[in-house]
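Structure record follows, encoded as structure tokens.
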Amino acid sequence: MTRVLLVCLGNICRSPTAEGVLRARLAQAGLEHRVELDSAGTAGWHQGKSPDSRSQAAAARRGYDLSPLRARQVIAADFDHYDHIYAMDANNLADLRAICPAHAEGKLSLFLALIPGADCLEVPDPYYGGGEGFERVLDLCEQASDAFIAGFQRRHG
Ligand code: 4NP
1 MTRVLLVCLG NICRSPTAEG VLRARLAQAG LEHRVELDSA GTAGWHQGKS PDSRSQAAAA
61 RRGYDLSPLR ARQVIAADFD HYDHIYAMDA NNLADLRAIC PAHAEGKLSL FLALIPGADC
121 LEVPDPYYGG GEGFERVLDL CEQASDAFIA GFQRRHG
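Numbered by full-length UniProt numbering, the letters in the sequence shown go through residues 1 to 157 in order.
Have a look at this one:
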């Protein structure tokens with residue numbers, strides 16, 4: 001079992017979108033029992049809340065159901081439990097590095113760095129912007145999820 005944690009700031013827009021997209025793509029690839037998946041926020045402001053209604057609506061239009069997800073904050077035990085901890089942007093990565101034990105630092109990386117030759121390494125925070133920001137988050141999460149699955153299949157067959 002490979003354990004993956006997806007991390008943004010609030011865990012109500014980007015990382016739940018990433019979780020919903022990656023979960024659906026893993027199921028399509030028949031890998032849902034080989035990858036354990038969760039998402040979390042570096043901040044705890046939205047703890048227990050459903051994903052942002054704009055994220056849920058945009059995801060639902062592409063067939064992803066984010067409604068069962070609930071926000072939570074990253075906890076110390078995450079750095080031991082997960083094998084890969086993917087940050088949505090450079091601030092999230094810096095915030096994770098600041099609380100990550102030294103032995104687990106190798107688990108941290110940017111989610112979009114999975115995309116070969118990625119021209120953009122950060123998922124822009126859509127929270128204060130317009131609707132197109134949520135579509136962009138979905139586009140990027142789909143690309144990174146497909147890249148994760150391709151890499152997983154190469155490593156694990
Ligand atoms: P997320 O977006 O990190 O993608 O979940 C945000 C959600 C909430 C806030 C900022 C970003 N906020 O400031 O409350």
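Backbone N, C-alpha and C define an ideal beta-carbon position, used for all residues, glycine too.
Beta-carbon separation (whole angstroms), residue i vs residue j, contact threshold 8 angstroms
i, j, result
"Y86", "L31", "About 16 angstroms; that fails the 8 angstroms criterion."
"E142", "V21", "6 angstroms"
"A71", "Q47", "6 angstroms"
"P16", "S39", "5 angstroms"
"L96", "L108", "5 angstroms"
"L26", "I149", "7 angstroms"
"G10", "Y127", "7 angstroms"
Beta carbon of residue i nearer than 7 angstroms to that of residue j
i, j, result
"C13", "S53", "no"
"V74", "T42", "yes"
"A147", "L114", "yes"
"V123", "L140", "yes"
"L112", "A104", "no"
"A24", "Y64", "yes"
"A59", "L66", "yes"
Helix, strand or coil at residue i [DSSP, three-state]
i, result
"D38", "strand"
"H103", "helix"
"Q47", "coil"
"H156", "helix"
"S15", "helix"
"S67", "coil"
"residue 159", "Shown here, the chain extends from 1 to 157; a query on residue 159 therefore has no answer."
"A118", "coil"
Buried versus exposed call for residue i [16 or more other C-beta atoms within 10 Å across all chains shown]
i, result
"P101", "exposed"
"M1", "exposed"
"I99", "exposed"
"D78", "buried"
"D89", "buried"
"C8", "buried"
"P51", "buried"
"residue 158", "The shown model of the chain, from 1 to 157, leaves out residue 158, and the question about it has no answer."
(message) Using only Cβ atoms and a threshold of 7 angstroms, which residues come within that distance of a heavy atom of the ligand 4NP? Order them by chain position.
(response) Working through the chain, the matches are C8, L9, G10, N11, I12, C13, R14, S15, G41, W45, H46, D52, M88, D125, P126, Y127.
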